[in-house]
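I have placed the structure first, in the form of structure tokens, so that the comments after it can refer back to it.
Residue numbers (this note's numbering): 14 to 276.
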């Protein structure tokens, strides 16, 4: 999957997107996904942080490198962490270039609408494809007072203006997170780039979920998450059975050990 092909699917077959942070999960996701996002959500689902704000460039590079080892088909996009792009377009370019050079990914994603348009334009003009992110923006949780969906109609025009601004600035796609279903549909109709919904209605051009949320491996999930598995219960069962067999000395059994080699 390339950036031009991804963008050309606007209005076509829905784009399948998932997060991944490790090589093995990336390999599994790659079989079905059009896009793999190495999201800064890794701070919460992998590193146990309370928010994404503590994620560093080093985190994103390490996990980006791992994902690139597992992916071969999907478009790989790496999130720009909080503090790596807001200061100026020049700082954003240095950090985005570092992400691409050190991971081998194709594109970066950054949060923000109209206030980030100049930065998106700067990056796009210098060979760095940008996926934008509007609506509920986790990196702005302190300003918003938490993770709050955009439901009130009085704020809809602001979000639409944000989506149009990132489109005009050169973003090849835009993640639309945590907005009223009707607003998600309206944004999709009003921009010429693919909208990737996460809690933004079935009418977006594609959908994305955090992998750990989707397979039931993270205890706290937003309303918009559908669990397609319950890996947490399976893992608990496996851990408990293993612990019991270690304690009663039934593991390792003969078939799990090496016999003596004579002579």
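Backbone N, C-alpha and C fix where the C-beta goes; we use that ideal spot for every residue, glycine too.
- Residue 224 sits buried, since 16 or more C-beta atoms from the chains shown fall within 10 Å of its C-beta.
- Taking a cut-off of 8 angstroms for Cβ pairs, the segment 21 to 33 and the segment 45 to 59 touch, as three or more such pairs fall below it.
- Around the Cβ of residue 165, a 10 Å sphere holds fewer than 16 other Cβ atoms; the residue is exposed.
- Contact between residue 143 and residue 176 does not hold, since their C-beta atoms are separated by about 14 angstroms, which reaches or exceeds 8 angstroms.
- Remark: three or more beta-carbon pairs, one from each stretch, lie closer than 8 angstroms, so the segment 166 to 185 and the segment 193 to 206 are flagged as touching.
- Within its own chain, the residues whose Cβ lies closer than 6 angstroms to the Cβ of residue 36, once the five positions on either side in sequence are excluded, are 79, 82, 83, listed in chain order.
- When rounded, the separation of the alpha-carbon atoms in residue 245 and residue 126 is 36 angstroms.
- DSSP, read as helix, strand or coil, puts residue 234 in coil.
- Here residue 257 carries a helix assignment [DSSP, helix/strand/coil].
- Counting other Cβ atoms within 10 Å of its Cβ, residue 270 stays below 16 and is therefore classed as exposed.
- Less than 8 angstroms divides the Cβ of residue 95 from the Cβ of residue 66.
- Boundaries of the beta strand (DSSP E) around residue 190: 186 to 190.
- The residues 214, 216, in chain order, have a CB closer than 6 angstroms to that of residue 198 in the same chain once the five nearest residues on each side in sequence are set aside.
- When the beta-carbon positions are compared, residue 70 and residue 64 stay at least 8 angstroms from each other.
- Taking C-alpha positions only, residue 274 is separated from residue 264 by approximately 22 angstroms.
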